[in-house]
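J.: Have a look at this one.
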Amino acid sequence: MSIQQAFAQALLATDAVCPEGLFSSNGADPASRFAVYRNNVHSSLIEGLASAYPVVRRLVGDEFFHAMAGLYVQAYPPINPLISEYGSSLADFIQGFEPASSVPYLADIARLERLRVRAYHAADRQALDQPSVLQQLQGAEQLGHLRVQLHPSLATLNSPYAIVAVWAAHQAEDAIAMLNPWHAQGALVLRQGLAVKVFAIDSGSVIFINSLKHGARLEVAVTNALENATEFDLHQCLTLLISHDAITHLHLDQKVSP
Amino acid sequence: MMTPTPDSMVSPAQAPGLPLRAGLGLKTEHFTQVLETCPDIGFFEVHAENYMVAGGPFHHYLGLIRAQYPLSLHGVGLSIGGEGPLDREHLARLATLIERYQPQSFSEHLAWSSHGPVFLNDLLPLAYDASTLSRVCAHVDQVQSTLKRPMLLENPSTYLQFQRSTLDETDFIGEIIRRTGCGLLLDINNVYVSCINHQRDPLAYIDALPLRAVGEIHLAGFAEDTDSLGDRLLIDDHGAPIDNAVWQLYEQVLARTGPVATLIERDNQVPAFSVLKAEAQQAQWYLSQVAR
């Protein structure tokens with residue numbers, strides 16, 4: 001085993017082991033100094049997760065979060081130096097983490113927080129100004145054939161829990177949530193200008209927006225939403241998208257659908 | 001106190017190199033304050049990896065600040081000392097950032113941080129022997145030829161030594177500089193931390209380095225712990241004000257090198273901007289004492 005392989009394995013091992021071939025010039029036990037590296041690796045990654053998942057941390061408390069994040073770091077260390085991407089699989093880890101099962105919406109809150117980080121760093125794209133969106137929508141003869149391009153930061157999430165309400169109630173450090181999390185809620189995350197925003201949306205809007213993102217024409221997206229969701233308010237959804245500069249391009253699809 | 005540029009029409013932001021002044025690490029919490037108050041700071045430095053994102057506020061603010069200030073791009077994830085090949089994708093991301101922001105300086109560390117598919121998010125120590133030396137030199141050559149510019153290599157802070165080492169750290173660094181033509185980013189806090197941890201005389205360490213190659217100086221604070229013998233163990237945590245011993249060493253370095261672009265680093269427990277600015281002013285005072 002090479003020096004660096006032994007070093008890397010010892011850094012991520014569950015028990016505190018010290019690789020061979022190391023010494024301290026004063027004769028101190030190398031393990032007492034190797035612990036500095038081990039602590040640097042673990043604490044920097046756990047701190048990074050804590051700052052990327054502030055509401056998850058608040059929901060379970062610092063001590064629980066640190067223990068859970070520590071296990072995640074050991075099981076899934078970073079695979080590249082892009083540390084803003086680290087922790088993308090934390091929600092899936094939480095989903096299967098038995099000690100967290102008493103907070104069943106924890107994994108979906110983690111998914112929401114990950115969408116916020118992604119929206120924050122997503123590519124820049126100029127939005128269509130609101131008057132011209134309205135003008136094009138009103139002037140289009142074949143409204144249903146429009147294809148709507150949405151901002152790269154925009155993403156949705158469906159949850160059986162009231163994730164947006166829970167997330168919003170835990171923005172302050174000492175928040176005490178007096179809300180009922182036991183009902184389904186959809187979330188829309190986007191960046192308007194420099195600010196990341198989170199909205200509660202109905203399940204039809206989640207389907208509608210996801211259809212548009214996959215390139216469906218407006219009429220197809222509407223049909224998908226109406227057929228697959230119990231609630232869908234097209235006007236409200238379009239108003240939300242337009243008023244938050246989420247539409248970057250509109251064009252008429254002249255092709256006849258198969 | 002601004003150093004006159006060869007062409008007085010060139011603004012500092014467009015100058016070819018870092019000014020021989022004090023600069024600050026740019027923290028995201030200080031973006032708007034920097035833009036609103038335009039502080040008299042020689043340059044800003046950013047960690048390259050933080051800006052390897054597609055868009056959003058980081059690029060927005062860095063673009064605006066770069067238009068007004070010289071910039072140092074400081075990598076923390078290239079793993080130049082790694083046993084494996086350099087990550088070509090990561091090098092390409094660095095090249096893209098350099099193309100976009102045209103920084104006056106690019107620097108990285110004499111350390112490793114990746115092994116196989118795993119990135120360990122720390123600057124880990126190297127065994128100083130002939131095989132490590134040729135590997136590090138090959139990596140520095142590859143960085144400089146890919147980025148089409150010389151780089152500065154930063155001396156490490158370390159807590160342990162390797163039985164396999166056959167060269168002193170200073171000889172190892174000197175040989176990399178001689179073979180590759182890279183410059184030295186002299187981190188005086190790292191010198192102090194390592195020398196206390198390894199019972200060396202910091203000034204003797206500095207005198208054993210090729211000081212003519214110094215292109216930038218880093219100053220930072222450290223944390224203090226003890227090892228199994230109860231001896232002082234200094235930890236390079238960038239989370240405290242610069243220690244008096246490090247300021248004294250800085251003064252002794254400047255007496256040998258003359259003015260050098262000097263960065264105040266603070267990455268943890270980031271204080272108010274005014275606190276960092278005061279440290280930059282203190283460094284600027286030392287610089288003014290050796291300015292000719």
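Residue numbers (the UniProt record's numbering), protein chains in the order written: chain Z, 1 to 258; chain P, 1 to 292. Beta carbons: idealized from backbone N, C-alpha and C, even for Gly.
Is the Cβ of P:Arg139 closer than 7 Å to any Cβ of chain Z?
T.: The sequence given here places His at residue 139 of chain P; Arg does not occur at that position. No, P:His139 lies away from the interface with chain Z (no Cβ there is under 7 Å from its Cβ).
J.: Using a beta-carbon distance below 7 Å, is P:Ser194 in contact with chain Z?
T.: For P:Ser194, the answer is no, since every Cβ of chain Z falls outside 7 Å of its Cβ.
J.: Apart from the five residues on each side of it in sequence, which residues of its chain come closer than 7 Å, Cβ to Cβ, to Z:Ala140?
T.: Contacts found: Leu146, Leu252.
J.: Determine whether the Cβ of Z:Gln4 lies closer than 7 Å to any Cβ atom of chain P.
T.: It does; some Cβ of chain P falls within 7 Å.
J.: Between P:Ala240, P:Phe44, P:Glu154, which lies nearest to P:Glu62 when the distance is taken from Cα to Cα?
T.: For the record, residue 62 of chain P in the displayed sequence is Leu; it is not Glu. Ranking P:Ala240, P:Phe44, P:Glu154 by Cα distance to P:Leu62 puts P:Phe44 first.
J.: Is it buried or exposed, Z:His214, if we count other Cβ atoms within 10 angstroms and call 16 or more buried?
T.: Exposed, because fewer than 16 other Cβ atoms sit within 10 Å of the Cβ of Z:His214.
J.: Kindly give me the distance between the Cβ atoms of P:Asp187 and P:His218, rounded to whole angstroms, as I take these residues to be in contact under 8 Å.
T.: With 8 Å as the limit, P:Asp187 and P:His218 qualify as a contact, their Cβ atoms being about 4 Å apart.
J.: Whole-angstrom Cβ separation of P:Ser165 and P:Tyr128, contact assumed at under 8 Å?
T.: Correct: roughly 4 Å between the Cβ atoms.
J.: With DSSP run on the structure shown, which of helix, strand or coil describes P:Lys148?
T.: Here P:Lys148 sits in coil by DSSP.
J.: Can you list, in chain order, the residues of its chain with a C-beta nearer than 7 Å to that of Z:Leu190? Leave out the 5 residues immediately preceding and following it.
T.: Ala119, His151, Ser153, Leu154, Lys197, His244, Ala246, listed in sequence order.
J.: Mind listing the chain Z neighbours of P:Pro156? Cutoff is C-beta to C-beta under 9 Å, in chain order.
T.: Ordered by position in chain Z, no residue passes the 9 Å Cβ test against P:Pro156, which lies about 12 Å from the chain.
J.: Please say whether Z:Ala221 and Z:Leu212 have beta carbons closer to each other than 7 Å?
T.: A contact, by the Cβ cut-off of 7 Å.
J.: Counting only Cβ-Cβ distances shorter than 8 Å, please list the residues of the segment 3-28 of chain Z near chain P, keeping chain order.
T.: Listed in sequence order: Ile3, Gln4, Gln5, Phe7, Ala8, Leu11, Leu12, Gly21, Leu22, Phe23, Ser24, Ser25, Asn26, Gly27, Ala28.
J.: What's the gap between the Cα of P:Gln33 and the Cα of Z:Gly96?
T.: Taking the straight line from one Cα to the other gives about 43 Å.
J.: In chain Z, which residues lie with their C-beta within 9 Å of the C-beta of P:Asn190?
T.: Within 9 Å Cβ-Cβ: nothing; P:Asn190 doesn't reach chain Z, min ~14 Å.
J.: How would you list, in chain order, the residues of chain P whose beta-carbon sits under 9 Å from the beta-carbon of Z:Val41?
T.: Per Cβ cutoff of 9 Å: Leu120, Asn121, Asp122, Leu124.
J.: Assuming Z:Thr230 contacts Z:Ser205 (C-beta within less than 8 Å), just tell me the rounded distance between them.
T.: Contact flag wrong, Cβ pair sits at about 12 Å.
J.: How far does the beta strand (DSSP E) with P:Ala22 in it reach, from first residue to last?
T.: From DSSP, the beta strand (DSSP E) with P:Ala22 extends over 22-25.
J.: Would you mind telling me which residues of chain C sit closer than 7 Å to P:Trp112, beta carbon to beta carbon, in chain order?
T.: Of the chains in the structure shown, none is chain C; the protein chains are Z and P.
J.: Who are the neighbours of P:Phe222 on chain Z, taking C-beta pairs under 9 Å?
T.: Within chain Z, no residue comes near P:Phe222; the closest Cβ sits about 11 Å away, beyond 9 Å.
J.: Does the segment 59-74 of chain Z touch the segment 83-100 of chain Z, meaning 3 or more C-beta pairs lie closer than 8 Å?
T.: Touching, yes.
J.: From the DSSP output, which residues share a beta bridge with P:Thr226?
T.: Note: P:Thr226 sits in a beta bridge opposite P:Arg232.
J.: Strictly below 9 Å CB to CB, what residues from chain P border Z:Phe34?
T.: The answer, in chain order, is Tyr159, Leu160.
J.: Between the C-alpha atoms of Z:Glu173 and P:Ala95, what's the straight-line distance to the nearest angstrom?
T.: Going from the Cα of Z:Glu173 to the Cα of P:Ala95 covers about 40 Å.
J.: Put Z:Trp182 into one of helix, strand or coil per three-state DSSP.
T.: Looking at Z:Trp182 - three-state DSSP - the assignment turns out to be coil, as it is neither helix nor strand.
J.: Verify whether the separation of the beta carbon atoms of Z:Ala10 and Z:Pro19 is less than 7 Å.
T.: Taking 7 Å as the Cβ cut-off, Z:Ala10 and Z:Pro19 qualify as a contacting pair.
J.: From the DSSP output, which residues share a beta bridge with Z:His145?
T.: For Z:His145, which the question treats as bridged, DSSP gives no partner whatsoever.
J.: What does the alpha-carbon distance come out to for the pair Z:Ala162 and Z:Val55?
T.: Their Cα atoms are separated by approximately 14 Å.
J.: Given a cut-off of 7 Å, decide if P:Leu35 and P:Leu73 are closer than it, judged by their beta-carbon atoms.
T.: Cβ distance not < 7 Å, so P:Leu73 and P:Leu35 don't count as in contact.
J.: Residues of the segment 111-122 of chain Z in Cβ contact with chain P at a cutoff of 9 Å, in chain order, please.
T.: Within the segment 111-122 of chain Z, the qualifying residues are Ala119, Tyr120, His121, Ala122.
J.: From this set, P:Val143, P:Asn190, P:His30, which residue's C-alpha is nearest P:Asp243's C-alpha?
T.: Out of P:Val143, P:Asn190, P:His30, P:Asn190 has the C-alpha closest to the C-alpha of P:Asp243.
J.: How long is the line joining the alpha carbons of Z:Arg57 and Z:Ser84, rounded to whole angstroms?
T.: Their Cα atoms are separated by approximately 17 Å.
J.: Please report whether the beta-carbon of Z:Leu128 lies at a distance below 7 Å from any beta-carbon of chain P.
T.: Closer than 7 Å: no.
J.: Within the UniProt domain "Putative DNA-binding" (3-94) of chain Z, note down every full alpha helix (DSSP H) run reaching 4 residues or more, in order along the chain.
T.: Runs of the alpha helix (DSSP H) inside the UniProt domain "Putative DNA-binding" (3-94) of chain Z: 3-12, 30-52, 54-60, 62-75.
J.: What residue from P:Leu71, P:Asn155, P:Val118, P:Gln144 has the CA that sits closest to P:Ala111's CA?
T.: Here the closest residue by C-alpha is P:Asn155.
J.: Given this structure, state the Cα-to-Cα distance separating Z:Pro258 from Z:Asn228, to the nearest angstrom.
T.: Annotation note: pLDDT 44 at Z:Pro258 (below 50); position unreliable, coordinate value reported separately. Straight-line Cα distance between these residues: approximately 22 Å.
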